[in-house]
Amino acid sequence: MVIVKVSTSFFSTVKTISRAVQKATNDDIIVVNAGKYKETLAFLDSRTITAKNAGTVVVEGAILIAKSAVVTFENMTIQPTSQIFVEGQLILKNCVIQGGLTNVLIAMKGGYAHCEKTHFRDAPDIGITLISNSKAHFEYCHFEQNKKVHILLENSTAHLENCELSKGNQAIWAKTNSKTYLNNVKVHHHSGTQIVIQDHSLLDIKESEIKQGEGNGIYASENSIIHLAQTTVHHHTLPQLWIQKSSLNISECQIQHGSESGIMLREYAEATISDTLLSFHKIANVQLTFESLLNMTNSEVLNSQGVGIQLKEKSIANFTDTLFAHNVLPQLFITENSICTLKSVTIEDGKQIGVFAEKGSSCSIVSSTITGHKNAALTVIEAEMFLLNTTIHHNNGNGLFAVNNAKATLDNCQFNHNDLAHIAGKNDSTIHISHSELTGGKSIFVIDHCQLDIIDSVIKDGTGAQIEMIDHINATIQNSKIIDGQTNGIIAMKDTSVNIIESQISSHKMPQVIVNDSSIIFKNSELLEGDRNGFIIKNHAEALIQDSFISNHGYPQIWIDSESTVELKATQLTEGRESDIYVQNNSVLHASNCIIQNAKFNFNIQAVNFSKIYLAETMVDNSFGSKFYSENNSQITYNMDEIS
């Protein structure tokens, strides 16, 4: 190996680098003394060119590296007058590549570059272009103020480790089957999108930071792939990650403080997110549109000034072991025929609504908790919601609010301490409740042509009417308990139809069941221990009470009023503290095969004001006083004998 020295000194025999290149062989080292060298360098063979001290040598000119050459520059400042053209191999160590005289600093075509501790700066357009299967590896390099883009790739590969890219329009633009790998890289302060990945390209980022851009942090399109791990993305003016017709994989990242959205998934985009924090975005932490897909596991969605996560236009999302909290608008918003599944999720402390589903969407929630919202925990409008093994509690609004042809199915769920009705339905909605428990509050309120089914459930300790149904409600209650309410157990009004089978209603401080201008079927059930009436049936109401047991009420156990009709079959009434049956105002009772016993009040059965009672094969017993009382054009017929 020979050292060839280059110097501008008067006494030097080699005054130009090009002369030294011609004179040296592959193994020789060209050492350049301090000075500025204006010349064109063409490398057909391998050469090593170094300066003794960094910053002392400036090379201004054109550089060409042919396919067969491996060229190393060390400790040098290069100011190319036209782009450094690389078809072979370029190695830069501790150099400065500075623009101003050419639009592109380095252009690679099928070549390879390895750069260490090198500064690429001030290109009017592009720092480095890589095309035609070029490859580049950058370590501890800095790209700064290359105005359009620092690194442009087409069908090429770049690796960056411990690098910094800043103060341009874009940091990296990769397209057409390119691959870009970033490890411990800082990307910041670009006026446009910081990283653009297009057309079947790959971006893989680890332990890096992408911050403070005036466009997107990352934009991916046309079937590209993005991998982010242990990376922070924050403070971008546009959505921080915009993924369009591409796929995104995120693990152990933080995506925070965006002026719009954290992640935008658009047009069949797919994303898998795990162990990641998404927070503090003004519009949404995550948005899915145009049939996009998201799988999120063990992550946190927090503190959006808008929506936590939004799905629209037939998008699909699955969430597991994820926390939603402190988002201002709905924490999860599902619309336009989108589908969402949540398992082992906590949705808490929202400024408005926990989950909002509308416009043909479908949401399934399993083994989750929804609590602490200023409005409803769950709202469903023209959509479907399925709840399994889920707890909804301590919300300032409803636990579940279903409106406008909504469908809600609940199985093995717990509702408690919601300030409004745990479950509310309106406008042709359908609510099916099974194996669930509703505790405290005003448990169920449905209005306007809804369907309500309650099976194998317990509704208890209500502070208002435990079930209230108004205006053409069709309800079935089977094998359930409605107990210990502070007011009424059930209120049915305005053409409501209620079918109660094999159930128990007990221990309410107000009349347990009120049927007003409606109908009820009460079969194989128990109505027990009310402070006031068992049934109040009034205003053209109709009731069939069959094979049931009614006992121990403080007021008449069955009160029939205002042109109402009751069929009482094979039912026992006992231990009433007042009358067992009171019929008034043009009402009618037919009783057959019943047992009516009273030991505490005179007159088991009373008919007043143009009312009629017909008793057939019915045992009436009163150990306290008389059995029957009628007045004002009323009559009681007992075994074909009219009693006045």
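For the sequence shown, full-length UniProt numbering gives the first residue as 1, with consecutive numbering after it. We treat Cβ as the ideally placed atom computed from N, Cα and C, and that holds for glycine. Keep in mind the model is a prediction, meaning the values are calculated, not measured.
DSSP beta-bridge partners of residue i
i: proline 330; result: Proline 330 pairs with nothing; no bridge assigned.
i: proline 80; result: Gly61
i: histidine 234; result: Lys211 and Gln256
i: leucine 400; result: Leu378 and Ile423
i: asparagine 295; result: Thr272 and Asn318
i: threonine 157; result: Lys135 and Lys179
i: glutamate 358; result: Ile381
i: leucine 41; result: Ile63
i: histidine 227; result: Asp204 and Asn249
i: glutamine 606; result: Tyr582 and Tyr629
i: cysteine 115; result: Leu92 and Phe138
i: isoleucine 500; result: Ile477 and Phe522
Residue from the options whose Cα sits closest to the Cα of residue i
i: isoleucine 29; options: Thr48, Gln352 and Leu400; result: Thr48
i: serine 299; options: Leu342, Pro511 and Gly534; result: Leu342
i: glycine 55; options: Gln98, Val86 and Lys282; result: Gln98
i: aspartate 199; options: His142, Ile536, Val608 and Ser247; result: Ser247
i: threonine 77; options: Lys93, Asn26 and Val70; result: Lys93
i: serine 344; options: Ser364, Lys351, Glu529 and Thr439; result: Ser364
i: isoleucine 353; options: Gly360, Asn375 and Ile334; result: Asn375
i: leucine 277; options: Thr289, Thr231, His236 and Lys245; result: Thr231
i: leucine 420; options: His449, His373, Leu410 and His435; result: His373
i: lysine 460; options: Ser443, Asn155 and Ala174; result: Ser443
i: asparagine 223; options: Leu265, Gln212 and Val187; result: Leu265
i: serine 562; options: Gln584, Glu542, Ala543 and Thr176; result: Gln584
i: phenylalanine 43; options: Lys36, Ala24 and Thr118; result: Ala24
i: phenylalanine 603; options: Ser592, Thr574 and Glu144; result: Thr574
i: glycine 88; options: Ala284, Ile334, Gln79 and Ala113; result: Ala113
i: glutamate 382; options: Ser434, Ala402 and Cys95; result: Ala402
i: residue 702; options: His432, Thr565, Asn609 and Gly554; result: With the chain represented from 1 up to 644, any question about residue 702 goes unanswered, as that position is not in the structure.
i: alanine 325; options: Ala492, Cys594, Thr369 and Tyr629; result: Thr369
i: histidine 137; options: Ile131, Leu152, Thr157 and Asn146; result: Thr157
i: isoleucine 84; options: Thr50, Thr40 and Val57; result: Thr40
i: isoleucine 218; options: Glu207, Val196 and Ser201; result: Val196
Per-residue DSSP class, three states only, for residue i
i: alanine 34; result: coil
i: alanine 174; result: strand
i: valine 21; result: helix
i: lysine 245; result: coil
i: methionine 640; result: Any reading at methionine 640 needs caution, since the residue's pLDDT is 46, under 50, leaving its predicted position unreliable; the model's value is listed next. The answer is coil: DSSP assigns methionine 640 none of H, G, I, E or B.
i: histidine 189; result: coil
i: asparagine 593; result: coil
i: methionine 619; result: strand
i: phenylalanine 445; result: strand
i: serine 364; result: strand
i: alanine 69; result: coil
i: glutamine 287; result: strand
i: arginine 577; result: coil
i: serine 564; result: coil
i: phenylalanine 522; result: strand
i: isoleucine 459; result: strand
i: tyrosine 140; result: coil
i: residue 679; result: Limits of the chain in this structure are 1 at one end and 644 at the other, which puts residue 679 out of reach.
i: isoleucine 530; result: Strictly speaking, residue 530 in this sequence is glycine, with isoleucine absent from that position. Residue state, collapsed to three classes: strand.
i: cysteine 450; result: coil
i: asparagine 416; result: strand
i: glutamate 542; result: strand
i: glycine 168; result: coil
i: valine 307; result: strand
i: glutamate 313; result: coil
i: isoleucine 555; result: Looking at the sequence itself, residue 555 is tyrosine, so the reference to isoleucine does not match. Here tyrosine 555 sits in coil by DSSP.
Integer-rounded CB distance, given that residue j should sit under 8 Å from residue i
i: isoleucine 205; j: leucine 182; result: 4 Å
i: valine 307; j: threonine 322; result: With a Cβ gap of about 15 Å, valine 307 and threonine 322 do not count as contacting.
i: glycine 485; j: valine 513; result: That belief does not hold up - the Cβ atoms of glycine 485 and valine 513 are roughly 11 Å apart, past 8 Å.
i: tryptophan 559; j: isoleucine 536; result: 5 Å
i: serine 429; j: aspartate 456; result: Actually they do not touch by this definition, with Cβ atoms about 21 Å apart.
i: lysine 148; j: aspartate 122; result: Incorrect: roughly 12 Å between the Cβ atoms, too far for contact.
i: cysteine 253; j: leucine 293; result: With 8 Å as the limit, cysteine 253 and leucine 293 do not qualify as a contact, their Cβ atoms being about 19 Å apart.
i: isoleucine 17; j: valine 59; result: 7 Å
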